[in-house]
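What follows is a single structure, written as structure tokens, with notes after it.
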Amino acid sequence: MKKKKIIIGIDFGTTYCLVSTIQKKKIKIINAFNKRKLFPTIIHFENKKSIIGWKAYKFLNKDAKNTITSIKRFIGVSYTELKKNKLNIPYNISENSKKELVFKTKTGKITVSFIIKKIFKYIKKKIEKKLKKNIYAAVITIPAYFNNIQKNIVRVSAESSQIKVLRLLNEPTAAAIAYGLEKKRKGLICVYDLGGGTFDISILKVSKGIFEVLVTKGDTSLGGDDFDYLLANFLYFKLKNKPKLNHNLFKKLLIIAEQVKIQLSKKSLITVKIFNNIINCSVVEFNRLIYPYVQKTLKILKSAVQDANIKISKINDIILVGGSTYIPLIRQKIYSLIKIKPLILINPTEAVARGAGLHANFLYYKKQVMDQPMLLLDIIPISIGIELLGGIMEKMIKKNTKIPTEVIKVFTTFKDYQTGFCINIFQGEDKYVKNCILLKKFKIQGLPARMAGQIKIITTFNIDVDGQLSVTIQEKISKTNFFIKINTMYQYNNSINISS
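Sequential numbering of the sequence shown, starting at -6, is according to our numbering.
If you want it as structure tokens, here you go:
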């Protein structure tokens, strides 16, 4: 007898993962992970096997080097970028020939994409066992400010784990869907999403099941993990007889720091014992540590409001998403800025997963969700452009453009008898391509030898509803007609030769 199929929503979080589905016409978070609704995004390697979730959590103290947390923060990040952040990362990390980060473990050298695949396989196994149904497809949430390379890594990792991806959905949008459908919120909604490793702001117009994203901004390397790092260093410097700082010690300090952070959301003073040292940590000290990061989030929020061309006073609701929004200082600062009480009608830890499940159900069954119609009008969060002479970035599709969208650019040869042409595609907001992400290089060869300006290369940039970029290159005289989906996963060897 064949198992029934199920459609799910996956909140692939930096700190925790959650899965939702529709049961009895209601969205439910599935408690399939050691009888809990979520599991820590942690993987432990020993010998030739790996352990994921709550069982892996137990190894954080025992074996830090081989127990990897917050893998989402390493997606699509180069070794150079990692070193720029100057974090005391408790792992032995290098870079392979594809410029993908590699963790050195007991099992050997493990890539970021391999770990993500393992996590998706774990989700699939646990959910199917719990519900006694096969997962057919999923909506997977990602930070709104993920670039195309990061999105592709998540998509390919899920699909190679036999999970069909219906859509990669921005986390703030997922939360807005949950509030719009479950709590019937409408009007101008601002979603403040501060998780373990990423920060996003999205402003949406919500009305009768229509979710129109106006603006998205964010920082994919700002989150609760940063607060833990600051607090861990702070606690270390409070020690009287300091042991030498190494991977294992810093990992232990991070675990203590996370617990102190959580407690300081409820108490004004925490006392902890570390290596026979009694240390006090006050909420005043903690707030002083994280204040620059909180201010950075508010600056991004203000910028998003400006980009949306609205006044802060016009915002009807501000929704809090992510575990880091439990911190009182963050709630106080948001209230001081927007003058409305932040909404927490849905558990900030669950909102994204709930929205993902609701959207997955709608995409698959193409019918009303919770007795409401649904339409999502999304945008592209980061501009896509081409390289001009001098390394200048010309934006072809600007950030916050509604998708799907299409732009046509006509290139002409600039030298007599020129038979080759290069088109380099980048993603980013900087004036120069050197500060943007390379998506693909096209080298067109064998063009007819004509006078300058006589050869016209028609290039069409297309972004579909899922945010996937494709490019069509045409040249009539040589009858060149080339089409490709840009699914770049690594920032190496991104060149394609096109022969006319």
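Don't be surprised by glycine CBs; every beta carbon is placed ideally from N, CA and C. Bear in mind the structure is a predicted one, so any value in this text is a computation, not a measurement.
Item to check | Same chain only: Cβ atoms within 8 Å of Pro335, ignoring 5 sequence neighbours per side | outcome: For the purposes of this step, residue 335 is taken as the residue at position 342 of the sequence shown. Cβ neighbours of Pro335 beyond the five flanking positions: Tyr185, Ile311, Ile312, Leu313, Thr318, Arg324, Ile327, Tyr328.
Checklist entry - Thinking C-alpha only, which one of Asn269, Asn455, Tyr115 is nearest Ile156? => result As a first step, residue 156 must be located in the sequence shown, where it is residue number 163. With distances taken between CA atoms, Ile156 lies nearest to Tyr115 out of Asn269, Asn455, Tyr115.
Next on the checklist: Going by C-alpha to C-alpha distance, which of Gln447, Leu228, Val208, Thr394 sits closest to Val458?
Outcome noted: What you label residue 458 is simply residue 465 of the sequence shown in a count that begins at 1. When only C-alpha atoms are compared, the closest one is Thr394.
Item to check | Whole-Å CB distance - Gly189 paired with Gly316, under 8 Å assumed | outcome: Taking the first residue of the sequence shown as 1, we reach residue 189 at position 196. Taking the first residue of the sequence shown as 1, we reach residue 316 at position 323. 7 Å between Cβ atoms; contact.
Checklist entry - With a cut-off of 8 Å, do at least 3 Cβ pairs link the stretch 361 to 381 to the stretch 203 to 215? => result The answer is yes - the stretch 203 to 215 touches the stretch 361 to 381, with three or more Cβ pairs under 8 Å.
Item to check | Residue from Lys433, Lys48, Tyr425, Lys402 whose Cα sits closest to the Cα of Asn417 | outcome: Counting from 1 along the sequence shown, the entry for residue 417 is found at position 424. Looking at the Cα atoms, Lys433 is the closest of the given residues.
Checklist entry - Given a threshold of 16 other Cβ atoms within 10 Å of its Cβ, counted over all protein chains shown, does Glu380 qualify as buried or as exposed? => result Taking the first residue of the sequence shown as 1, we reach residue 380 at position 387. By the C-beta density criterion, Glu380 is buried, having at least 16 other C-beta atoms within 10 angstroms.
Item to check | Where Ala49 falls: helix, strand or coil (DSSP) | outcome: Numbered from its first residue, the sequence shown carries residue 49 at position 56. Three-state DSSP puts Ala49 in a helix.
Checklist entry - Which of the three DSSP states, helix, strand or coil, is assigned to Glu468? => result Mapped onto the sequence shown, residue 468 falls at position 475. Strand, per DSSP.
Checklist entry - Ordered along the chain, which non-local residues of its own chain (more than five positions away) have a Cβ less than 7 Å from that of Lys123? => result Stepping through the sequence shown from its first residue, residue 123 is reached at position 130. Excluding sequence neighbours, Lys123 sits near Ile23, Ala25.
Checklist entry - Which value, in whole angstroms, describes the spacing of the CA atoms of Asn27 and Phe419? => result As a first step, residue 27 must be located in the sequence shown, where it is residue number 34. As a first step, residue 419 must be located in the sequence shown, where it is residue number 426. One C-alpha to the other measures close to 43 Å.
Checklist entry - Among Pro83, Ala130, Lys402, which residue has its Cα nearest to the Cα of Leu351? => result Taking the sequence shown and counting its residues from 1, one reaches residue 351 at position 358. Closest by alpha carbon: Ala130.
Checklist entry - Is DSSP giving Ala130 helix, strand or coil here? => result Translated into the one-based positions of the sequence shown, residue 130 becomes position 137. Per DSSP, reduced to three states, the secondary structure at Ala130 is strand.
Next on the checklist: What does the alpha-carbon distance come out to for the pair Phe243 and Phe220?
Outcome noted: Here the question's residue 243 lines up with position 250 in the sequence shown. Here the question's residue 220 lines up with position 227 in the sequence shown. CA-to-CA, the gap between Phe243 and Phe220 works out to about 14 Å.
Next on the checklist: Taking a contact to mean a Cβ-Cβ separation below 9 Å, would you say Gly217 touches Thr412 in this structure?
Outcome noted: Against the sequence shown, residue 217 aligns to sequence position 224. Against the sequence shown, residue 412 aligns to sequence position 419. No; because the gap between Cβ atoms is not below 9 Å, this pair is not in contact.
Item to check | Cβ-Cβ distance between Val147 and Leu356 below 9 Å | outcome: Walking along the sequence shown from the start, residue 147 turns up at place 154. Walking along the sequence shown from the start, residue 356 turns up at place 363. Contact check for Val147 against Leu356 fails: the beta carbons are separated by 9 Å or more.
Checklist entry - Whose C-beta lies closer than 6 Å to the C-beta of Ile176 among residues of the same chain, with five residues either side of it excluded? => result On the sequence shown, position 183 is the one that residue 176 refers to. Checking the sequence, you will find Lys at residue 176 rather than Ile. Cβ within range, chain order: Leu338.
Next on the checklist: Out of Phe268, Ser258, Ile377, Glu343, which one is the CA nearest neighbour of Pro321?
Outcome noted: Residue numbering aside, residue 321 sits at position 328 when the sequence shown is read from its first letter. Taking each of Phe268, Ser258, Ile377, Glu343 in turn and checking the Cα distance to Pro321, the smallest one comes out for Ser258.
Checklist entry - Which of helix, strand or coil does DSSP assign to Phe139? => result Within the sequence shown, residue 139 is the residue found at index 146, counting from 1. Note: Phe139 maps to coil in three-state DSSP.
Item to check | Cutoff 8 Å; reference Arg29; Cβ partners in own chain excluding five residues on either side | outcome: On the sequence shown, position 36 is the one that residue 29 refers to. Counting only Cβ-Cβ distances below 8 Å, and skipping sequence neighbours, we find Trp47.
Checklist entry - For Leu11, which residues from the same chain have a beta carbon less than 7 Å from its beta carbon, with the 5 sequence-adjacent residues on both sides left out? => result Position 18 of the sequence shown, counted from the start, is the residue given in the question as residue 11. Result list for Leu11: Asp4, Ile22, Lys30, Leu31, Glu343, Ala346, in chain order.
Item to check | Exposure of Cys500, with buried meaning 16 or more beta-carbon neighbours within 10 Å | outcome: Within the shown structure, residues of the chain are numbered from -6 to 493, placing residue 500 beyond reach of any answer.
Checklist entry - Among Thr104, Leu431, Ala57, Gly439, which has the Cα closest to the Cα of Thr473? => result Numbered from 1 along the sequence shown, position 480 holds the residue referred to as residue 473. The residue with the shortest Cα to Cα distance from Thr473 is Gly439.
Checklist entry - Pairing CB atoms from the stretch 157 to 168 with CB atoms from the stretch 249 to 265, are three or more of them under 8 Å? => result Judged by Cβ distances under 8 Å, the stretch 157 to 168 makes no contact with the stretch 249 to 265, as fewer than three pairs qualify.
Checklist entry - When the Cα atoms are used, what is the spatial distance from Ile305 to Gln16? => result Taking the first residue of the sequence shown as 1, we reach residue 305 at position 312. Taking the first residue of the sequence shown as 1, we reach residue 16 at position 23. Going by the C-alpha atoms only, they are around 38 Å apart.
Checklist entry - Ordered along the chain, which non-local residues of its own chain (more than five positions away) have a Cβ less than 6 Å from that of Ile466? => result Start at 1 with the first residue of the sequence shown, and residue 466 comes out as number 473. Here the set comprises Thr452, Phe475.
Checklist entry - Roughly how many angstroms separate the alpha carbons of Ala445 and Ser492, rounded to a whole number? => result The residue given as residue 445 occupies position 452 in the sequence shown. The residue given as residue 492 occupies position 499 in the sequence shown. Distance between the alpha carbons of Ala445 and Ser492 is about 19 Å.
Checklist entry - Can you tell me whether Ile470 is buried or exposed, with buried defined as 16 or more other CB within 10 angstroms of its CB? => result Position 477 of the sequence shown, counting from 1, holds the residue named residue 470. With fewer than 16 other beta carbons inside 10 angstroms of its own, Ile470 counts as exposed.
Checklist entry - Per DSSP, which one or two residues make a beta bridge with Val149? => result Residue mapping note: residue 149 aligns to position 156 of the sequence shown, counting from 1. Its beta-bridge partners do not exist; DSSP assigns none.
Item to check | Whole-Å CB distance - Glu121 paired with Ile128, under 8 Å assumed | outcome: Taking the first residue of the sequence shown as position 1, residue 121 is located at position 128. Taking the first residue of the sequence shown as position 1, residue 128 is located at position 135. 6 Å between Cβ atoms; contact.
Checklist entry - So what does Val105 bridge to, in DSSP terms? => result On the sequence shown, residue 105 is found 112 positions in, with the first residue counted as 1. Under DSSP, Val105 forms no beta bridge with any residue.
Checklist entry - According to DSSP, what are the bridge partners of Asp186? => result Walking along the sequence shown from the start, residue 186 turns up at place 193. Secondary-structure assignment with DSSP links Asp186 through a beta bridge to Asp193, Val314.
Next on the checklist: Short of 6 Å in beta carbon distance, which residues of its chain neighbour Ile293, apart from the five on each side in sequence? Order them along the chain.
Outcome noted: Along the sequence shown, one-based indexing puts residue 293 at 300. The residues are Ile194, Lys210.
Next on the checklist: Based on DSSP bridge pairs, tell me the residues matched to Ser492.
Outcome noted: Along the sequence shown, one-based indexing puts residue 492 at 499. Answer by DSSP bridge pairing, in chain order: Gln438.
Checklist entry - How would you write the range of the alpha helix (DSSP H) that Phe26 sits in, first residue to last? => result Counting from 1 along the sequence shown, the entry for residue 26 is found at position 33. In the DSSP annotation of this structure, Phe26 is not part of any alpha helix (DSSP H), being labelled neither H nor E.
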